[in-house]
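In my numbering, the protein residues as written are 1 to 408.
Where a beta carbon is used, it is the ideal one built from N, C-alpha and C, also for glycine.
All remarks here apply to the structure that follows.
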Amino acid sequence: MDEPILKSIADTFEGPVYVYNGDQIQKQYNRLKNAFSGVENLQIKYACKALSNISILGLMNSMGSGLDTVSIEEVQIGIKAGFDPKKIIFTPNGVSMEEIERVASLGVQINIDNLSVLEQFGSKHPEIPVCIRINPHVMAGGNSNISVGHIDSKFGISIHQIPHIIRIVENTKMRINGVHMHTGSDILDIEVFLHAAEILFDTAMKFENLDFIDFGSGFKVPYTDNDIETNIEELGEKLTQRFNDFCKNYGEKINLAFEPGKFLVSEAGYFLTRVNSIKQTTSTVFAQVNSGFNHLIRPMLYGSHHQIKNISNPKGKERFYTVVGYICETDTFGSNRKIAEINEGDILMFKNAGAYCFTMSSNYNSRLRPAEVLWHKNKAHTIRNQETLDDILSNQILIDFSQKVEVS
Ligand SMILES: *Cc1c(COP(=O)(O)O)cnc(C)c1O
């Protein structure tokens, strides 16, 4: 997005603001679709935990996307945004049976990743087909927090437990209509992905009557100008061929599904916040912004890199700054970054702020969460107002401390 537009949006808000470029989201969606144009039945299910604002979900729905959800609340927001429940998949981990049953009753596709849950659900509801999440035990992903396919992972049913699954299916007469994997974020090596895919194809052959195979996500996006990213086009070419061969062997043209989160929204997002103060210490120049890890926690939680630009003085001479927040704990957004000269009051722009940024924000330090804006059809639409103190207090209860306590 053009920096002057971002600057003018930032100027209309008192506090920090998240801006999402709808055109960029559409572009990524089309890119994935085109990469798999050789697949007859492709389903893209947006993983909405990345960015769950109801207008973002509405935009995804209007593009033809489905939805990948991990909580009943995400399912409910998706339905409110207009999604047909049939286009929603629920992939929980460690939730109650009651929650799974409530989601199933809405007509949403259930994805089960635990043998005990599979057995209980199949015994009670043999008429509801379910997908199974497999752990192929392939190590992929950029970081142990986001890599979920390894041997000790809490996610998925191990491929070594397929015989158990088959026994449960036979005993309960339930139907498995999909097989699924999601090995984690930041896949760079396409061969590793294809290797995991082979394991999923082998698994799929063991189940008749499948409607789909779901390869999850984990596509890496670039965080800097020369950063590496998952080569979607190459993956599309190789996996399409392999999938179409699989369908021939399987004897049916089933659906191929993906659940991208980060890929669709990461680069579309910008976090804009004002510089409160410049603090020169003996060794470092700190730029302290009007925000902290209450609004953007990924740099502190995952060590993720967000490019930072000064959009108030884009032509200024570059200097080194350590950008920090106002939280009373260490909250470094970036150390020793080369940024165009910063003056107090300037707006800094953080890139890759679309995925896992607003959705991980909190009210720590009793700070208000920021507004969100969607740039759509050349217009800025506020899609979330900045919080007010009333929002923070709305569920808090001040009890009466004035009564004397009787001491017996
Ligand atoms: C988080 C998640 C995704 C999306 O992962 P990204 O790395 O954001 O693309 C997809 N599927 C499942 C089951 C997930 O939990």
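Inset, instruction - Give the straight-line distance between the Cα atoms of K309 and A197, rounded to the nearest whole angstrom. - result: If you take the alpha carbons of K309 and A197, they lie about 39 Å apart.
Legend entry - Under the three-state DSSP convention, the category Q403 falls into: The answer is coil: DSSP assigns Q403 none of H, G, I, E or B.
Legend entry - Sufficient close CB pairs (3 or more, under 8 Å) joining the segment 202–210 to the segment 169–177: Flag = yes, the segment 202–210 and the segment 169–177 touch.
Legend entry - Under 8 Å between C-beta atoms of G325 and S291: Pairing G325 with S291 gives a Cβ-Cβ distance under 8 Å.
Inset, instruction - Give the secondary structure of I254 by DSSP, where H, G and I count as helix, E and B as strand, and everything else as coil. - result: The answer is coil: DSSP assigns I254 none of H, G, I, E or B.
Inset, instruction - Answer yes or no: the CB of V70 versus the heavy atoms of ligand 1, is any distance below 7 Å? - result: Answer for V70: yes, Cβ within range of ligand 1.
Inset, instruction - Count the other CB atoms, across all protein chains shown, that sit within 10 Å of the CB of N143; report buried if there are 16 or more and exposed otherwise. - result: In this prediction, N143 scores a pLDDT of 48, lower than 50, which makes its location untrustworthy; no coordinate-derived value is stated.
Inset, instruction - Sort out for me which residues DSSP pairs M349 with in a bridge. - result: DSSP lists L272 and K309 as partners of M349.
Inset, instruction - With DSSP as the reference, label A287 as helix, strand or coil. - result: In this structure, A287 counts as strand in the three-state DSSP scheme.
Inset, instruction - Could you tell me which of V323, D346 and I199 sits nearest to K338, measuring between CA atoms? - result: The shortest C-alpha separation from K338 is found at V323.
Inset, instruction - Look up G261 in the DSSP assignment and say whether it is helix, strand or coil. - result: It is coil, neither helix nor strand.
Legend entry - K27 vs I44 beta-carbon contact at 8 Å: Inclusion of K27 and I44 in the CB contact set at 8 Å is not warranted, their separation being larger than that value.
Inset, instruction - Quick one: give me the first and last residue of the alpha helix (DSSP H) that K338 is part of. - result: Counting along the chain, K338 falls outside any alpha helix (DSSP H), though it belongs to the beta strand (DSSP E) covering T332 to A340.
Inset, instruction - Enumerate in chain order the residues of its own chain whose CB-to-CB distance from E318 is below 6 Å, with the five nearest sequence positions on each side excluded. - result: When the five nearest sequence neighbours on each side are left out, the beta carbons in the same chain lying within less than 6 Å of the beta carbon of E318 are those of K338 and A340, in order along the chain.
Legend entry - T91 CB to nearest heavy atom of ligand 1 below 7 Å: Distance from the C-beta of T91 to the nearest heavy atom of ligand 1 is below 7 Å.
Inset, instruction - Find the nearest neighbour of G236 within the set Y321, I190, G269 and I278, judged by alpha-carbon distance. - result: The candidate whose alpha carbon is nearest that of G236 is I190.
Legend entry - Proximity winner among F263, I254, I79 and M1, relative to Q89 (alpha-carbon distances): Here residue 89 turns out to be Ile, not Gln, going by the sequence shown. Restricting attention to F263, I254, I79 and M1, the CA atom closest to the CA of I89 is found in I79.
Legend entry - Exposure label - I232; buried when at least 16 CB within 10 Å: Result: buried.
Inset, instruction - Consult DSSP for C131 and reduce its assignment to one of helix, strand or coil. - result: Of the three classes helix, strand and coil, the one that applies to C131 here is strand, per DSSP.
Inset, instruction - Count the other C-beta atoms from every protein chain shown that fall within 10 angstroms of the C-beta of G141, then say buried if there are 16 or more, exposed otherwise. - result: With a pLDDT of only 49 at G141, under 50, the local geometry of the prediction cannot be trusted, and the value read off the model is given with reservation. Burial is judged here by how many other beta carbons sit within 10 angstroms of a residue's own beta carbon; G141 has at least 16 and is buried.
Legend entry - Separation of Q396 from L368, as counted between CA atoms: Each residue's alpha carbon lies about 15 Å from the other.
Legend entry - beta-carbon G78 near ligand 1 non-hydrogen atom, thresh 7 Å: No; taking the cut-off as 7 Å, the Cβ of G78 has no heavy atom of ligand 1 nearer than that.
Inset, instruction - Measure the beta-carbon distance from A47 to S217 and round it to whole angstroms, keeping in mind my assumption that it falls under 8 Å. - result: With a Cβ gap of about 6 Å, A47 and S217 count as contacting.
Legend entry - Terminal residues of the alpha helix (DSSP H) in which A196 lies: For A196, the uninterrupted alpha helix (DSSP H) segment begins and ends at I190 to M205.
Legend entry - Helix, strand or coil at L389 [DSSP, three-state]: Residue state, collapsed to three classes: helix.
Inset, instruction - For my contact list, T273 and V289 are in at a C-beta cut-off of 8 Å; report their separation, rounded to the angstrom. - result: Sure, about 5 Å apart at Cβ, within 8 Å.
Inset, instruction - From the DSSP output, read off the bridge partner residues of I187. - result: As a beta-bridge residue in DSSP terms, I187 pairs with F219.
Inset, instruction - Return yes when the Cβ of E259 is within less than 8 Å of the Cβ of D225, no when it is not. - result: Between D225 and E259, the CB-CB gap reaches or exceeds 8 Å.
Inset, instruction - Report the three-state DSSP secondary structure of D11 (helix, strand or coil). - result: Residue state, collapsed to three classes: helix.
Legend entry - Three-pair Cβ contact test at 8 Å for the segment 128–140 versus the segment 156–163: Yes, the segment 128–140 touches the segment 156–163.
Inset, instruction - Check whether the Cβ atoms of N244 and G38 sit closer than 8 Å, and answer yes or no. - result: Against a cut-off of 8 Å, the Cβ pair of G38 and N244 comes out as a contact.
Inset, instruction - Run through the segment 39–72 for me and flag every whole alpha helix (DSSP H) of 4 or more residues, listed as ranges in chain order. - result: Restricted to the segment 39–72, the alpha helix (DSSP H) segments that are unbroken, complete and at least 4 residues in length are 54–63, listed in chain order.
Inset, instruction - Take N145 and list the residues in its own chain whose beta-carbon comes closer than 7 Å to its own, dropping the five residues that flank it on each side. - result: Interpretation of N145 is limited by its pLDDT of 48, a score under 50 that renders its predicted location unreliable; the figure taken from the coordinates is listed afterwards. Apart from sequence neighbours up to five positions away, the residues of its chain that approach N145 with a beta-carbon distance below 7 Å are Y302, ordered along the chain.
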